[in-house]
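Written below as structure tokens is the structure these notes are about.
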Amino acid sequence: MKIHEYQAKELFRRYGIPVPAGGVASTPEEARAIAERIGGKVVVKAQIHAGGRGKGGGVKLANGPGEAETAARAIIGMSLVTHQTGPGGKRVHKVLVEEASPIARELYIAIVLDRETSRLVIIASSAGGMDIEKVAAETPDRIFKTWVDPALGLMPFQARRVCFKLGLSGQAFKDGVDAVTNLYRLFEGEDATLAEINPFIVRTDGGAMAIDAKVNLDDDAGFRHPEHAALRDLTEEEPLETEAKRYGLNYIKLGGSVGCMVNGAGLAMATMDLIKLCGAEPANFLDVGGGASAEGVENAFRILMADQNVRCVLINIFGGIVRCDRVAQGVVEAVMNLGEVDVPIVVRLEGTNAAEGMRILKGSGLDFHAVVGFHEAAQKAADLAGGD
Ligand code: GDP
Ligand code: MN
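Numbering of the sequence shown is given in the numbering used here, commencing with residue 7 and proceeding in unit increments.
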């Protein structure tokens with residue numbers, strides 16, 4: 007789960023990573039009041055679950071409360087488009103108003119899981135700031151990585167090495183070592199999946215601090231952190247995904263046109279692969295789960311159909327624990343309850359009670375394309391979706 011910068015900075019404060027003083031505002035007047043409290047120059051920052059805000063016009067410096075109010079008026083309500091939001095952008099509901107920092111240097115520090123080594127990796131670069139993606143693509147030698155042994159945890163020498171590589175010295179070096187150490191503590195303590203500071207700045211007075219903060223939290227560790235639930239911002243999340251979660255369905259919306267209803271994550275991924283191989287793009291990942299009920303299938307189908315991009319639905323079920331006849335029943339009920347379904351539906355059922363399931367589909371009088379083979383089913387769905 008993603009959280010906002012202002013929430014990530016709350017976590018930073020709790021773990022002793024220095025951040026500028028500030029507050030979050032939902033209206034220009036609130037932004038003005040916060041700027042008055044801070045005094046002097048402030049920065050007004052759009053709070054959305056996406057990076058690249060600076061380049062998109064979502065980060066503005068203001069000389070005082072009046073300018074802060076004007077900046078907040080321009081930012082709140084805007085659809086902020088960045089390289090991470092897609093062309094539609096994201097609507098801004100809140101801004102963070104903070105004391106502006108006098109920047110001497112912008113650095114990059116992050117911790118993320120390296121799946122190849124099964125270890126946390128600390129990634130650092132002295133070329134931090136808004137062009138870090140370009141640095142990674144064009145001058146990867148400017149990025150330093152160090153892997154943490156999970157049995158030992160982060161060793162003090164590793165935090166120091168990161169800061170040497172960042173070219174820090176004096177007070178900034180001490181601040182840097184503390185920040186790396188505390189970022190690691192935060193990552194472990196909060197069960198994060200990503201903790202990133204970009205930029206970590208050296209101030210003109212010599213100290214160093216975080217002026218941006220990005221933390222993703224592991225949903226699967228949510229049971230250990232009931233307080234994380236309050237950090238979720240549903241307005242930032244895909245509404246169909248939120249609804250799917252309510253029914254215990256694993257649904258991820260994607261950009262293609264073939265809606266997929268599959269049981270089991272492995273089969274779901276294989277189905278997406280085959281759709282691509284057949285020349286189309288999946289509209290979603292959807293795992294209805296091993297023990298899907300007719301009702302669960304009906305909900306899944308409704309969610310699939312709510313996606314305007316879907317031009318064909320492929321139902322690919324292997325009946326193991328879930329019985330094919332129950333799935334078929336759920337699909338038939340869903341189609342009847344939805345009234346009009348104007349896209350073709352390709353069905354492949356295999357396994358427990360597959361023949362019975364097919365009989366139910368055929369006997370329903372509804373228009374299904376029943377296909378036996380996996381590849382044929384994917385090809386049929388891709389063809390019916392018109393390829394893209
Ligand atoms: P992002 O673009 O979404 O990653 O937002 P950031 O919080 O990283 O801000 C983008 C850029 O704005 C930073 O890289 C800085 O160059 C600039 N910026 C942000 N806060 C301040 C500030 O307090 N003072 C100054 N001078 N620049 C800032
Ligand atoms: Mn940033």
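Glycine included, each C-beta is placed from N, C-alpha and C at the ideal position. All values derive from a computational prediction rather than experimental measurement.
| Query | Result |
| --- | --- |
| Residue 311 CB to nearest heavy atom of ligand 2 below 8 angstroms | no |
| Three-state secondary structure (DSSP) of residue 308 | helix |
| Residue 63 Cβ short of 8 angstroms to ligand 2 heavy atom set | no |
| Exercise answer, beta-carbon shell around ligand 2 heavy atoms below 5 angstroms | 204 and 218 |
| Cα-Cα separation between residue 147 and residue 167, rounded to whole angstroms | 16 angstroms |
| heavy atom of ligand 1 below 8 angstroms from residue 8 C-beta | no |
| Enclosing alpha helix (DSSP H) for residue 179 [first to last residue] | 176 to 196 |
| The beta strand (DSSP E) enclosing residue 260, as first and last residue numbers | Per DSSP, residue 260 belongs to no beta strand (DSSP E) and is neither H nor E. |
| Residue 106 beta carbon near ligand 1 (any heavy atom closer than 8 angstroms) | yes |
| Exposure of residue 161, with buried meaning 16 or more beta-carbon neighbours within 10 Å | exposed |
| Proximal residues to residue 256 (C-beta, below 6 angstroms), its chain only, five neighbours per side dropped | 293 |
| Cutoff 7 angstroms; reference residue 359; Cβ partners in own chain excluding five residues on either side | 325, 329, 330 and 331 |
| Spatial distance of residue 152 from residue 104 (CA atoms) | 32 angstroms |
| N-terminal and C-terminal residue of the beta strand (DSSP E) that residue 287 is part of | No beta strand (DSSP E) contains residue 287, which DSSP labels as neither H nor E. |
| With 16 other Cβ atoms within 10 Å as the buried cut-off, status of residue 88 | buried |
| Three-pair Cβ contact test at 8 angstroms for the segment 102 to 117 versus the segment 128 to 135 | yes |
| Length at least 3, wholly inside the segment 110 to 185: the beta strand (DSSP E) runs in chain order | 125 to 131 and 149 to 154 |
| Residue from 240, 163, 284 and 279 with nearest C-alpha to residue 290 | 279 |
| Contacting residues, own chain, Cβ-Cβ under 8 angstroms from residue 42 (five flanking each side not counted) | 71 |
| Residues sharing a beta bridge with residue 280, DSSP | Answer by DSSP bridge pairing: none, since residue 280 is not bridged. |
| Identity of the residue in 239, 286, 246 and 247 nearest residue 262 by Cα | 286 |
| Classification of residue 390 by the beta-carbon crowding that lies within 10 angstroms, buried from 16 upward | buried |
| Top-ranked residue by Cα proximity to residue 125, from 284, 190 and 223 | 190 |
| Contact check, residue 118 vs residue 129, beta carbons under 9 angstroms | yes |
| 9 angstroms Cβ cutoff met for residue 275 and residue 322 | no |
| Buried or exposed (CB count within 10 angstroms, at least 16 for buried), residue 342 | exposed |
| Opening and closing residue of the alpha helix (DSSP H) in which residue 229 lies | Neither: residue 229 is in no alpha helix (DSSP H) and is coded neither H nor E. |
| Exposed unless 16 or more other CB atoms sit within 10 angstroms - verdict on residue 265 | buried |
| Inter-residue CB distance, residue 352 and residue 320 (contact presumed, cutoff 8 angstroms) | 5 angstroms |
| Pick from 24, 17, 7 and 9 that is closest to residue 217, judged by C-alpha positions | 24 |
| Simplified DSSP assignment, three categories, for residue 98 | coil |
| Option nearest residue 207 by Cα separation, candidates 108, 201, 80 and 101 | 108 |
| Cβ-Cβ separation, residue 52 to residue 81 (assumed contact under 8 angstroms), whole Å | 5 angstroms |
| C-alpha distance - residue 155 paired with residue 192, whole-angstrom precision | 17 angstroms |
| Cα-Cα separation, residue 209 to residue 225 | 35 angstroms |
| Residue 49 vs residue 14 beta-carbon contact at 9 angstroms | no |
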